[in-house]
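Participant:
Protein chains in written order, with my numbering: chain A, 147 to 200; chain B, 19 to 334; chain C, 1398 to 1763.
#1: If you draw a straight line from the C-alpha of residue 178 (chain B) to the C-alpha of residue 117 (chain B), how long is it?
#2: Are there 16 or more other CB atoms within 10 angstroms of the CB of residue 1433 (chain C), so buried, or fewer, so exposed?
#3: When burial is assigned at 16 or more other CB atoms within 10 Å of the CB, is residue 1729 (chain C) buried or exposed?
#4: Hey, which unbroken runs of the beta strand (DSSP E) at 3 residues or more fall wholly within the region 1510-1541 of chain C?
#5: Buried or exposed: which applies to residue 196 (chain A), given that a residue is buried once 16 or more other Cβ atoms fall within 10 Å of its Cβ?
#6: Which of the three DSSP states is assigned to residue 1491 (chain C) in this structure?
#7: Are residue 1407 (chain C) and residue 1427 (chain C) closer than 9 Å when you measure CB to CB?
#8: Could you check where the beta strand (DSSP E) with residue 1424 (chain C) kicks off and where it finishes?
#9: Assess, as a yes-or-no matter, whether the region 1718-1732 of chain C is touched by the region 1627-1641 of chain C under the definition of 3 or more beta carbon pairs within less than 8 Å.
#10: For residue 1688 (chain C), is the classification buried or exposed, using 16 other Cβ atoms within 10 angstroms of its Cβ as the cut-off for buried?
#11: Restricting to Cα atoms, I'd like to know which of B:145, B:289, B:131 and B:267 is closest to residue 216 (chain B).
#12: So, do the region 1703-1720 of chain C and the region 1548-1561 of chain C have three or more beta carbon pairs nearer to each other than 8 Å?
#13: Beta-carbon of residue 153 (chain A) versus every beta-carbon of chain B: anything under 9 Å?
#14: Going by other Cβ atoms of all chains shown within 10 Å of its Cβ, with 16 needed for buried, is residue 229 (chain B) buried or exposed?
#15: For chain C, is any of its Cβ atoms less than 9 Å away from the one on residue 68 (chain B)?
#16: Can you tell me whether residue 122 (chain B) is buried or exposed? The criterion is at least 16 other CB atoms within 10 Å of its CB, across all chains shown.
#17: Taking residue 260 (chain B) and residue 250 (chain B) to be in contact with their CB atoms under 8 Å, please state how far apart those CB atoms are, rounded to whole angstroms.
#18: How about residue 165 (chain B) and residue 281 (chain B): do their beta carbons lie closer than 9 Å?
#19: Are the region 1400-1419 of chain C and the region 1460-1473 of chain C in contact at 8 Å, needing three or more beta carbon pairs?
#20: What in chain A is Cβ-close to residue 260 (chain B), meaning under 8 Å?
#21: By alpha-carbon positions, which one of B:297, B:313, B:28 and B:132 ends up nearest to residue 152 (chain B)?
#22: Does DSSP put residue 169 (chain B) in a helix, a strand or coil?
#23: If you compare alpha carbons, which of C:1700, C:1661 and C:1655 is closest to residue 1678 (chain C)?
#24: What first and last residue would you give for the alpha helix (DSSP H) that runs through residue 1724 (chain C)?
#25: Do residue 172 (chain B) and residue 302 (chain B) have their C-beta atoms within less than 9 Å of each other?
#26: Against chain B, which members of the region 1460-1487 of chain C pass a CB distance test of less than 8 Å?
#27: With DSSP run on the structure shown, which of helix, strand or coil describes residue 197 (chain A)?
#28: Roughly how many angstroms lie between the CA atoms of residue 139 (chain B) and residue 210 (chain B), to the nearest whole one?
#29: Just checking: is the beta-carbon of residue 271 (chain B) within a distance shorter than 9 Å of some beta-carbon in chain A?
#30: With the cut-off set at 9 Å, would you say residue 1467 (chain C) and residue 1484 (chain C) are in Cβ contact?
#31: Consult DSSP for residue 1759 (chain C) and reduce its assignment to one of helix, strand or coil.
#32: Hey, residue 1651 (chain C) and residue 1635 (chain C): beta-carbon distance below 9 Å or not?
#33: Please report the straight-line C-alpha distance between residue 25 (chain B) and residue 1450 (chain C), rounded to a whole angstrom.
#34: Check whether the Cβ atoms of residue 39 (chain B) and residue 77 (chain B) lie closer than 9 Å to each other.
#35: Please confirm if residue 213 (chain B) has its CB atom under 9 Å from at least one CB of chain A.
#36: When the Cα of residue 309 (chain B) is compared with those of B:293, B:273, B:299 and B:296, which residue comes out closest?
Written out as structure tokens, the structure is:
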């Protein structure tokens, strides 16, 4: 549901990832985090950094 | 005449309850306001017409004594949802249901008369006749009603102890309810983002939408205001405002009864209900669940099934 | 003799452009169905035919104002030592508020008494205030909820403005009320105004007659102290309130605030943001105790502050300008003028009120 709500408000669904990783699956955890981090970085910043708006 | 029958019923019910929550004339001809009737003589002030827009059920969870409340169809769904979530004691509420053919949106009426000061308003059948300095204008209720009325599936209250008048069947197709969501989804991702940033950038974080929401019962310890932990900043960017609105909408997943109060009360005219409608559309698709329809329903966010019909765990 | 002038309607854009040369000009802009104060831009759709939804309060008293920024640095020699650098550099621009109403301008005078006193000065407020020029537009007709005449105000009230404009068809008759106003009237597109004075006077007088005073005849100057302290009265009038902050945030005279430190790792800012006494947690103390846990008490405080405590402290000045925004935009139409009407009704007897209006209004939820 969250996964479908985000694109609705204009946030690319690829910025959200949801998966199970058990505490003993160290290698899988590393892969998930590295892969997802790269995926989000490739998408670029979501918003321009803004100071306190008017 | 509905108003007379309503007053009769209220008089009948009044001795057994602490207060009757109904509507009375407001500060000007275009507005009504809730009446917490606590004296028999106040029954003369009771009104029922398309100006009765407020959802009076939002007061119920915090009222400890026995009360009576007048509800339209949309309002009655709130009571059913309260029952599903155990937020009220059904024995403590006397429900006076009143079938409704639609109310007006004050904002749309004002727009129709170019925001001129209103001198008089008369409700005649399915029209409202509005008098301003430039004369009288007759408006069809169906031209100035809020979006929720255009797709109303529950013109007759779904639960009541007394029904004022005959039940009305809905003449609006069920598929129309989420048509606005589907239409919005035809826009591109960038268009949607720009829309939300522009609209919700107007938000002044007054929390009128949150407080008007009958289902929002944790308003007094709201995540949007906590400093410890500090979930949401108090700064003014559109992102932060969106955070509040997104969180609020998610907290209402499977709970929002689409009473439209959030949008009605926004002083900045923001389409506050948009995200909630999208989430409700998801609820309908994923779990075939409609909020506030049946008191024996279990809200999907309250239950857990190992296998969900429409969610393919490993392929999502 | 105060300086006067005339601004032809076709010269408004030139006028605003000229003001924009050394100030940020804020104008009421139509955005969909609402009118809100926004920084002036050439393509802004300025709307002067009705009061703005929001007050121009945020120009002088921002909803979020940075008070200072701070940064922690660890001593590279001894990582148990941390030093902190504070910076409260302020660089507020000059500002002009154009096209607000006299009630909006009056709101700032309520702030002045509190924020700039003989003993204490709020430097942030003072700097914003001194750098802002206020050009108000006199009202020709009241809107729903307006009651300025009941709180020592009026549709052409001069209190708080630097310049008062009156619409005289072809343009605006301008009256300068301060030195800042004189500067505005010396701009090149401002023509001689004396010939329009009579017309402006007529419009102002007619407008004042149109505003209805909602208070009862013979309204007392002070609120009835017995009724003010009657719990059942407040439970009844506050029953429909939903404790949001719409009234407070839209009010030109409300000034309560919160101060929060917001930091990420070693850098952060201390910000002041608007707060509302109507919120459930407004008076929540760190002990966990909340002296005003129920909305009847909170509404009593709000009305009391504006109509009893503030006037008592500041020579009878009422901390309400009668703009009516709280009434217009309240989700349930709580009407402060109606409540004050009860409190200032010379014939009001608290005992009769309780008998007439309450069954057994002791439901603790209120």
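Positions of the beta carbon are idealized from the N, C-alpha and C atoms, including for glycine.
Facilitator: Checking against the coordinates, here is how it stands:
#1: Position 160 of the second chain, counted from the start, is the residue given in the question as residue 178 (chain B). Position 99 of the second chain, counted from the start, is the residue given in the question as residue 117 (chain B). Distance between the alpha carbons of residue 178 (chain B) and residue 117 (chain B): 11 Å.
#2: Numbered from 1 along the third chain, position 36 holds the residue referred to as residue 1433 (chain C). It counts as buried.
#3: What you label residue 1729 (chain C) is simply residue 332 of the third chain in a count that begins at 1. Under this definition residue 1729 (chain C) is a buried residue.
#4: 1529-1534
#5: Counted from its first residue, the first chain places residue 196 (chain A) at position 50. A caution first: residue 196 (chain A) carries a pLDDT of 49, below 50, which makes its placement in the model too unreliable to give a value.
#6: Locating residue 1491 (chain C) in the third chain gives position 94, counting from the first residue. DSSP places residue 1491 (chain C) in coil when its eight states are reduced to three.
#7: Translated into the one-based positions of the third chain, residue 1407 (chain C) becomes position 10. Translated into the one-based positions of the third chain, residue 1427 (chain C) becomes position 30. No, the Cβ-Cβ distance between residue 1407 (chain C) and residue 1427 (chain C) is not below 9 Å.
#8: Taking the third chain and counting its residues from 1, the one referred to as residue 1424 (chain C) is at position 27. Element bounds for residue 1424 (chain C): 1421-1428.
#9: yes
#10: Counting from one through the third chain, the residue named residue 1688 (chain C) turns up at place 291. Classification for residue 1688 (chain C): exposed.
#11: Walking along the second chain from the start, residue 216 (chain B) turns up at place 198. Across the set B:145, B:289, B:131 and B:267, the C-alpha of B:289 shows the shortest separation from the C-alpha of residue 216 (chain B).
#12: yes
#13: Within the first chain, residue 153 (chain A) is the residue found at index 7, counting from 1. By this cut-off, residue 153 (chain A) is an interface position.
#14: Walking along the second chain from the start, residue 229 (chain B) turns up at place 211. Counting Cβ neighbours within 10 Å, residue 229 (chain B) comes out buried, since at least 16 surround it.
#15: For the purposes of this step, residue 68 (chain B) is taken as the residue at position 50 of the second chain. Chain C contact via Cβ: absent.
#16: Here the question's residue 122 (chain B) lines up with position 104 in the second chain. The residue in question, residue 122 (chain B), is buried, as its Cβ has 16 or more Cβ neighbours within 10 Å.
#17: Residue numbering aside, residue 260 (chain B) sits at position 242 when the second chain is read from its first letter. Residue numbering aside, residue 250 (chain B) sits at position 232 when the second chain is read from its first letter. That belief does not hold up - the Cβ atoms of residue 260 (chain B) and residue 250 (chain B) are roughly 10 Å apart, past 8 Å.
#18: Along the second chain, read from residue 1 onward, the residue named residue 165 (chain B) stands at position 147. Along the second chain, read from residue 1 onward, the residue named residue 281 (chain B) stands at position 263. For residue 165 (chain B) and residue 281 (chain B), yes; Cβs fall inside 9 Å.
#19: Counting Cβ pairs under 8 Å, fewer than three are found: no touch.
#20: Residue 260 (chain B) sits at position 242 when you count from the first residue of the second chain. Think of a sphere of 8 Å around the beta carbon of residue 260 (chain B): the chain A residues whose beta carbon falls inside it are 155, in chain order.
#21: Here residue 152 (chain B) refers to the residue found at position 134 of the second chain. If we check each option's Cα against that of residue 152 (chain B), B:132 comes out closest.
#22: For the purposes of this step, residue 169 (chain B) is taken as residue 151 along the second chain, with counting starting at 1. If DSSP states are grouped into helix, strand and coil, residue 169 (chain B) belongs with coil.
#23: Reading the third chain from its first residue, position 281 is the one you call residue 1678 (chain C). Residue 1678 (chain C) has its Cα closest to that of C:1655, out of C:1700, C:1661 and C:1655.
#24: Along the third chain, read from residue 1 onward, the residue named residue 1724 (chain C) stands at position 327. Where residue 1724 (chain C) is concerned, the enclosing alpha helix (DSSP H) stretches over 1722-1726.
#25: As a first step, residue 172 (chain B) is located in the second chain; it is residue number 154 there, counting from the start. As a first step, residue 302 (chain B) is located in the second chain; it is residue number 284 there, counting from the start. It is not a contact, given that the beta carbons lie outside the stated cut-off.
#26: Identification of residues in the region 1460-1487 of chain C having a C-beta nearer than 8 Å to some C-beta of chain B yields 1460 and 1461, given in sequence order.
#27: Translated into the one-based positions of the first chain, residue 197 (chain A) becomes position 51. The predicted position of residue 197 (chain A) is uncertain, since its pLDDT is 44 and thus under 50; no value can be drawn from it.
#28: Working through the second chain from its first residue, we reach residue 139 (chain B) at position 121. Working through the second chain from its first residue, we reach residue 210 (chain B) at position 192. Taking the straight line from one Cα to the other gives about 38 Å.
#29: Along the second chain, read from residue 1 onward, the residue named residue 271 (chain B) stands at position 253. By this cut-off, residue 271 (chain B) is an interface position.
#30: Stepping through the third chain from its first residue, residue 1467 (chain C) is reached at position 70. Stepping through the third chain from its first residue, residue 1484 (chain C) is reached at position 87. Their beta carbons are under 9 Å apart, which means residue 1467 (chain C) touches residue 1484 (chain C) by this criterion.
#31: On the third chain, residue 1759 (chain C) is found 362 positions in, with the first residue counted as 1. Bear in mind that the predicted position of residue 1759 (chain C) carries a pLDDT of just 44, short of 50, making it unreliable; the figure below should be weighed with that in mind. In this structure, residue 1759 (chain C) counts as coil in the three-state DSSP scheme.
#32: Here residue 1651 (chain C) refers to the residue found at position 254 when the third chain is read from its first residue. Here residue 1635 (chain C) refers to the residue found at position 238 when the third chain is read from its first residue. Taking 9 Å as the Cβ cut-off, residue 1651 (chain C) and residue 1635 (chain C) do not qualify as a contacting pair.
#33: Residue 25 (chain B) sits at position 7 when you count from the first residue of the second chain. Residue 1450 (chain C) sits at position 53 when you count from the first residue of the third chain. Looking at the two C-alpha atoms, the distance is approximately 36 Å.
#34: As a position in the second chain, residue 39 (chain B) is number 21, starting the count at 1. As a position in the second chain, residue 77 (chain B) is number 59, starting the count at 1. Closer than 9 Å, so yes.
#35: Within the second chain, the letter at position 195 stands for residue 213 (chain B). Cβ-Cβ to chain A under 9 Å: yes for residue 213 (chain B).
#36: On the second chain, position 291 is the one that residue 309 (chain B) refers to. Ranking B:293, B:273, B:299 and B:296 by Cα distance to residue 309 (chain B) puts B:273 first.
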